[in-house]
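One structure is given here, and the rest of the page talks about it.
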Amino acid sequence: MKGSEYHKLTSYERFRLKRDDSVTGGSPDFFKSYPDVSYIELPRSVNFPKVNFWDVILGRRKSRIFSGASIKAMSALFYLSYGITATDRSGFYAFRSVPSAGALYPCELYGWIGGCSGIEAGLYHYNVREHLLEQIGRIRGTEDFLEFWVSVIPYRSAWKYGSRAFRYVLLDSGHLLEQIRIAAGIMGWKVTMYLGFDDFDRAAQMLCVDDRYESLIGRVVFRPLESDGELLFNADRSYLRERSIPAKGADYGRIIRAVLETTKREKFLQDDGDIEIQQGDVLPVDAVPLIINRRSRRNFVPMQIKKSELEIFFLALSQIRLPEELKLFFAVERVDGIIPGVYRYEGEGGNFKLEPVREGSTIYEIASACLDQMWVGNAAFAIVVMIDHEKVDGDSGDRVSGYRSALLTAGRVGQLTYLVSEAFGYGCCGIGALYDNEVANVVNYPSGFACYVLACGPVKKRL
Ligand SMILES: Cc1cc2nc3c(=O)[nH]c(=O)nc-3n(C[C@H](O)[C@H](O)[C@H](O)COP(=O)(O)O)c2cc1C
27 MKGSEYHKLT SYERFRLKRD DSVTGGSPDF FKSYPDVSYI ELPRSVNFPK VNFWDVILGR
87 RKSRIFSGAS IKAMSALFYL SYGITATDRS GFYAFRSVPS AGALYPCELY GWIGGCSGIE
147 AGLYHYNVRE HLLEQIGRIR GTEDFLEFWV SVIPYRSAWK YGSRAFRYVL LDSGHLLEQI
207 RIAAGIMGWK VTMYLGFDDF DRAAQMLCVD DRYESLIGRV VFRPLESDGE LLFNADRSYL
267 RERSIPAKGA DYGRIIRAVL ETTKREKFLQ DDGDIEIQQG DVLPVDAVPL IINRRSRRNF
327 VPMQIKKSEL EIFFLALSQI RLPEELKLFF AVERVDGIIP GVYRYEGEGG NFKLEPVREG
387 STIYEIASAC LDQMWVGNAA FAIVVMIDHE KVDGDSGDRV SGYRSALLTA GRVGQLTYLV
447 SEAFGYGCCG IGALYDNEVA NVVNYPSGFA CYVLACGPVK KRL
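According to the numbering used here, the sequence shown is numbered sequentially starting from 27.
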């Protein structure tokens with residue numbers, strides 16, 4: 027199934043909620059673990075580097091190629107990438123450094139690690155709940171290498187959202203990939219991000235994951251494993267594969283299976299994430315506390331922000347190379363010095379431009395188009411991420427990208443937007459629950475596909 031077909035099939039329309047019986051089953055396991063493999067506890071007391079957030083996200087910090095690290099540095103890297111940063115009062119919900127639709131966290135994180143003191147060279151699964159590394163395989167050799175691979179267990183999200191979950195799964199994964207890039211920047215390492223794999227099936231085999239339940243999404247390469255280091259599995263491969271199946275309920279249904287298969291064949295986007303932006307005059311902000319305190323905030327107050335602040339959002343987003351099928355719109359409502367209205371944004375490498383699309387207040391229309399989540403109406407502005415319906419199927423010649431990388435990039439945009447909001451002391455909330463056609467109409471792009479909205483602005487009280 028093509029991305030465009032899937033998107034239409036899973037769109038929400040007011041008064042016409044579609045029945046979706048393609049996903050059935052009970053509540054899933056939200057944490058994956060390999061009970062009987064050897065593991066390495068990551069130290070919990072680490073001294074995080076004190077780094078100015080703006081230097082990291084505006085590419086001003088000198089970063090270096092990974093050449094080995096201490097176990098404490100690896101602990102910090104995993105924690106900042108995907109660690110548990112807060113729990114609710116009951117202790118049931120564990121929130122992470124990244125947001126996730128419905129707090130379901132469908133992503134899993136794996137690391138190919140070599141050259142780190144206290145960690146034997148090998149392939150590891152990050153056990154988020156216990157903050158430890160489960161060793162799946164060993165690698166003979168002494169070189170330094172580090173790669174993070176991100177996979178998804180779509181059922182975790184499909185259990186709640188049915189077939190529409192694949193959109194959220196991709197957005198969530200985009201958030202995580204971007205967060206890994208930022209965590210790497212904080213630790214001072216250069217990375218290259220790939221929103222896909224040359225051969226998904228082979229990658230799944232290397233990880234011993236069962237593609238019927240868990241699927242590879244993308245990777246962040248710090249330093250590739252250059253030699254053909256021999257990978258020795260620490261347990262029987264079939265045992266490892268069984269562990270990739272969530273114990274309760276796992277089948278994410280025929281619709282997600284169909285779109286997953288097609289989008290695996292699309293060419294993917296590579297982003298070296300190393301664009302330097304010299305402009306941007308902002309007070310320094312310590313990056314690590316900001317990541318730990320990031321939360322989705324909905325308690326907006328209808329107050330203005332400054333034009334210069336909005337421009338920092340534009341600058342920060344110009345770090346992300348947008349695939350041509352992705353279009354960003356800013357619905358500006360309360361920004362001192364900018365006429366309220368919808369603007370189309372384009373940016374790259376520190377340059378950006380805005381093209382007016384519509385004049386006037388639109389934030390309440392957006393709130394109503396977001397399944398009547400009326401708190402959005404108090405935001406200072408909203409970013410609306412749209413997909414070009416004609417270009418999205420990603421199979422034309424050698425053009426890179428497609429549906430998968432469009433949604434992953436939308437997730438990356440989301441993660442950066444959350445953190446920039448947080449750095450200004452403002453709030454941000456990603457919104458995936460939307461009436462697709464209504465959102466498209468607000469930004470005057472009725473033929474486009476709405477995929478993500480981010481509401482941003484001053485909030486009442488920081489929780
Ligand atoms: C793809 C995506 C879609 C989301 N959609 C909504 C939404 O429609 N409404 C909402 O109130 N929150 C939404 N959220 C926010 C999540 O509910 C929130 O991330 C989650 O509860 C975890 O909390 P935290 O972000 O504070 O860590 C969304 C988040 C993501 C990443």
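Note that beta-carbon positions come from the ideal geometry of N, C-alpha and C, so glycine has one too.
With 16 other Cβ atoms within 10 Å as the buried cut-off, status of residue i
i           : result
residue 351 : buried
residue 392 : buried
residue 398 : exposed
residue 323 : buried
residue 161 : buried
residue 61  : exposed
residue 329 : exposed
residue 443 : buried
residue 252 : exposed
residue 85  : buried
residue 237 : buried
residue 205 : buried
residue 315 : exposed
residue 404 : buried
residue 441 : buried
Short Cβ contact (9 Å threshold) for residue i with residue j
i           : j           : result
residue 46  : residue 255 : no
residue 175 : residue 136 : yes
residue 408 : residue 477 : no
residue 305 : residue 376 : yes
residue 246 : residue 218 : yes
residue 83  : residue 163 : no
residue 243 : residue 222 : yes
residue 167 : residue 144 : no
residue 72  : residue 110 : no
residue 169 : residue 59  : no
residue 180 : residue 125 : no
residue 220 : residue 149 : no
residue 51  : residue 285 : no
residue 248 : residue 173 : yes
residue 347 : residue 297 : yes
residue 104 : residue 152 : yes
Chain B within 9 Å of residue i, Cβ atoms only
i           : result
residue 308 : Protein chains in the displayed structure number just one, and chain B is not present.
C-alpha distance - residue i paired with residue j, whole-angstrom precision
i           : j           : result
residue 287 : residue 427 : 15 Å
residue 114 : residue 191 : 24 Å
residue 360 : residue 258 : 58 Å
residue 235 : residue 264 : 9 Å
residue 261 : residue 457 : 41 Å
residue 146 : residue 100 : 13 Å
residue 33  : residue 339 : 28 Å
residue 452 : residue 480 : 13 Å
residue 63  : residue 446 : 39 Å
residue 202 : residue 108 : 7 Å
residue 182 : residue 415 : 28 Å
residue 112 : residue 70  : 14 Å
Whole-angstrom C-beta distance between residue j and residue i, which should lie under 8 Å
i           : j           : result
residue 78  : residue 313 : 7 Å
residue 317 : residue 345 : Not confirmed; about 17 Å, so no contact.
residue 439 : residue 411 : 6 Å
residue 138 : residue 171 : 6 Å
residue 184 : residue 282 : 6 Å
residue 270 : residue 240 : 5 Å
7 Å Cβ shell around residue i - same chain, five flanking residues per side excluded
i           : result
residue 196 : 430, 433, 434 and 437
residue 462 : 37, 38, 475 and 476
residue 226 : 242 and 290
residue 279 : 48, 49, 184 and 189
residue 89  : 211, 214, 215 and 216
residue 67  : 158
residue 76  : 312
Own chain partners of residue i with C-beta closer than 8 Å, once the 5 adjacent residues on each side are dropped
i           : result
residue 311 : 78, 79, 80 and 449
residue 364 : 333, 336 and 358
residue 386 : 366 and 367
Beta-carbon proximity list for residue i, same chain, < 6 Å, skipping 5 on both sides
i           : result
residue 325 : 485 and 486
residue 40  : 461
residue 15  : There is no way to answer for residue 15, as the model of the chain reaches only from 27 to 489.
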